[in-house]
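To keep things clear, I will list the structure first and then write my remarks on it.
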Amino acid sequence: MLADQSDHQVAVPREGYDFVVVSNRLPVDRDVDENGDSTWRRSPGGLVSALAPVMAKHDGAWVGWHGAPDETPEPFDHDVFHLVPVGLSELEVGRYYEGFSNATLWPLYHDVIAPPEFHRTWWYAYRRVNERFARMAAETAAPEATVWVQDYQLQLVPRMLRKLRPDVTIGFFNHIPFPPTEIYSQLPWRKAVLEGLTGADLIGFQRPGDAQNFQRCVRKFLGVRFTNGAAEFTEATLADAAASSAPGRAASDREDGRTSWTVHAAAYPISIDVEAIRELASNPATQKRAREIRRELGDPETVYLGVDRLDYTKGILHRLKAYGELLEDEKLSVENSALIQVASPSRERVESYIQLREQVEGIVGRINGQFDTMANTAVRYLHHGYPFEEMVALYMAADVMLVTALRDGMNLVAKEYVAAKQDRSGTLVLSEFTGAAEQLKQAILVNPHDIDGLKEAMLHARDMPGSEAKKRMSSMRRQVLTHDVVDWSQRFLEDLASYGGQSAGGDTNDRDTQ
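Counting in our numbering, the sequence shown runs from 75 upward without gaps.
Next up, the structure:
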C-alpha cells in the first residue's frame, strides 16, 4: 500500500523541464579544497555520459540526492545539467539506502547470495523517501514531459508520480537483476513494489530473463498477464491487488485521472562510453602508463586483473581461491604471473561488507605470505578508487581479465576491458551469471562456483594461441563498439516515446518486446 502523500495530483508547472531523470544520486560529486570551499564536478560513469547530450538537447533536469545528509541545497546548474537536490537525513540514509536498498533489496535481487533483512522501519523510510523523489519530479517536469526513473532504490516512484502527474510519460530502468518468483516472494512488500513499478509506461531490464521474471511476478502477485511484453492495467486491478494485502483499501482511494494504461517490459542491455575509452587508450600517456605497470610488476609473462567494487556478488573470494590454488599446484608462479585485484570501497557501514573486506584481506595476506619473494608479490591488492585514466591503463596492461561475479545485472568492467584492447590482445574470463555473458559470447565463460573449472579457464586464457585470442577479441569488440551506452539510451527513449500515454487496448506496434 502506497502512502497517501502521493495520492493527490500536483499543479502542472507552467515552466518545467521536458526531460527529467530521477536517480538516487545526482550526476555530480562535491570537491572541498583546503580552505573549505566546495565545487562540483561531473561524476564518472556511462549513464551520466549517455544522458548529458539528451539533457542538453531537451532542456533536461536531474533529480537526486547530492551525497550529504541533513542538508538540501537549492536547485542549481552545472555543465549541461539542471540539478534538483533531494534532501535525506542521516537516519534516512541508514534506513532507506544502507538498509532497505542495500541490505534488503540488493541481496534479494542477487539470488540471496547474502541473506536479506526485512525490517518495517526500513520499508517505511524507503516509501517515505520515494514519495519525496516522486513529488520533486512532479514539481520539476513540464506538461507532458518524459521522466526516466533509474534503479532499485526508487521502485515506488513510477506509480507515485503517475498519481501526481498523469500527463507525463514515465520510464523506469532496473540496472540490477530481477529475481524469479520463488525468491521475490520472500519480500513482505512484494505487491507494493510491483504496483510502484507498473506505474511506468516502459520498464527496462538488463536481460530478457529479468524481464520475464518481472512479468511472472506481476502475474502471480497482481494477477495481470503480459502478452508480447505488454500488459493492460486498470484502477480496479490494482485496487483488488492492494485490497488482498491491505483489507479496507478502496478503489476510490486510488484514482489518478487515468483509468487504464499499458505497461511494457523488455530487455535493454546497458553498455559503456566507448569513445571515452578509445580516446584514453589511444593517448600515448596511457600507453606509457600501461608499460610502466608491467615493469612495476617485474615484467611477468601473464598479468591477471580483477576490477570490482568490494561486494559479495562479485566473486572476489572465488577468484582469489582459484589463483592461490594454482600457485599451490605450481601451475603458476610469482615469477611468471601476477594478479592485480582492484576492490574499490563500497557501502562500508553495512555489516556484510565489513565482513567481506576482512575475508578478502585475510586470503590475500595468506597467499602473499606463502608465495611472495623479495622480488615478486603474488597478489597486488588495491582497496581504493582510481582515476579512470589509470583503470584504462590497467586494462591495457592485463593479459587476462577475470570477471567472476556470482550474479550481476550486466558488469560493465568486462565491456570496458574489451573496448580498451585496441590491439585485440588479451582474453576475458567471464562469469555466465552476468548480463554481459549474453553479449560477449566469445569470452571464456565460467561458473565461478566451480573452482576447478575456474582454474582451468584461467590457464586456458593464459595459454590460448594469439590468433584465437585476437579472433575472439575482435568479435567482442564489434559487439561493444556497435552497442555503446548512447545506443542503449536512444533505443530506450525511442521506445518510451512510442509507448508513452497509450491507453489500455491501444496500439503497441505489434512488437514482441522480448
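From the three backbone atoms N, C-alpha and C, an ideal C-beta is built for every residue, glycine too.
What you are looking at is a predicted structure, and each value in this text was computed from that prediction instead of being measured.
Item	Value
Ile390 vs Gly398 beta-carbon contact at 9 Å	no
Close Cβ partners of Thr570 (< 8 Å) along its chain, the five nearest in sequence each way excluded	At residue 570 the sequence reads Leu, which differs from the Thr that was named. Excluding positions up to five away in sequence, the list reads Thr220, Trp222, Thr243, Gly245, Asp275, Leu276.
Other residues of its chain near Asp446: CB distance less than 7 Å, five sequence neighbours each side excluded	Val408, Ala452
Gln289, enclosing alpha helix (DSSP H) - first and last residue	282 to 296
DSSP state of Leu502 mapped onto helix, strand, coil	strand
Closest residue to Val487 among Arg498, Phe462, Asp497, Ser499 (Cα-Cα distance)	Phe462
From Tyr198, Leu100, Phe93, residue whose alpha carbon lies closest to that of Thr214	Phe93
Sheet register partners of Ile367 (DSSP bridge)	None; Ile367 has no bridge partner.
As assigned by DSSP and simplified to three states, the class of Asp537	helix
Of the listed residues Glu108, His184, Ala471, nearest to Thr376 (C-alpha basis)	Ala471
Alpha carbon of Arg365 to alpha carbon of Pro539, nearest angstrom	22 Å
Boundaries of the beta strand (DSSP E) in which Ser112 is found, first to last residue	112 to 116
Extent of the continuous beta strand (DSSP E) run through Glu306	304 to 308
Asn357 beta carbon less than 9 Å from that of Gly270	no
DSSP three-state assignment for Glu464, whether helix, strand or coil	helix
Whole-number beta carbon distance between Leu528 and Phe507, since they are thought to touch under 8 Å	The Cβ separation is near 12 Å, so there is no contact.
Cβ contact (3+ pairs, closer than 8 Å) linking the stretch 416 to 435 and the stretch 382 to 396	yes
Close Cβ partners of Ala33 (< 8 Å) along its chain, the five nearest in sequence each way excluded	Here the chain covers residues 75 to 588 and nothing more, so residue 33 does not appear.
Distance between beta carbons of Asp185 and Pro253, contact taken as under 8 Å	7 Å
Leu533 at chain B interface by Cβ criterion, 9 Å	In the displayed structure, chain B is absent; only one protein chain is listed.
Straight-line Cα distance separating Gln227 from Ile344	18 Å
Identified DSSP bridge partners for Ile414	Leu379, Arg454
Burial state of Leu394 (16 or more Cβ within 10 Å)	buried
Under 9 Å between C-beta atoms of Ser175 and Gly138	no
Residue ranges of each beta strand (DSSP E) within the stretch 235 to 267, 3 or longer	243 to 247
Proximity to Phe659 [Cα-Cα], best of Met129, Gly168, Asp497	The chain is shown from 75 up to 588; residue 659 falls before or after that span and cannot be answered.
Whole alpha helix (DSSP H) elements within the stretch 172 to 205, 4-residue minimum	180 to 183
Straight-line Cα distance separating Ala341 from Glu568	14 Å
Coarse secondary structure for His152, derived from DSSP in three states	strand
Cβ separation of Thr301 and Ser334, assumed to be a contact under 8 Å, to the nearest whole Å	Between Ser334 and Thr301 the Cβ distance is about 15 Å, and since that is not below 8 Å, they are no contact.
Helix, strand or coil at Leu406 [DSSP, three-state]	coil
Distance between Ala177 and Tyr171 (C-alpha atoms, nearest Å)	9 Å
Exposure of Thr146, with buried meaning 16 or more beta-carbon neighbours within 10 Å	exposed
Buried versus exposed, by CB contacts within 10 Å (16 or more), Met448	exposed
Span of the beta strand (DSSP E) around Asn442	Segment 425 to 445 is the alpha helix (DSSP H) holding Asn442; no beta strand (DSSP E) there.
Buried or exposed (CB count within 10 angstroms, at least 16 for buried), Gln516	buried
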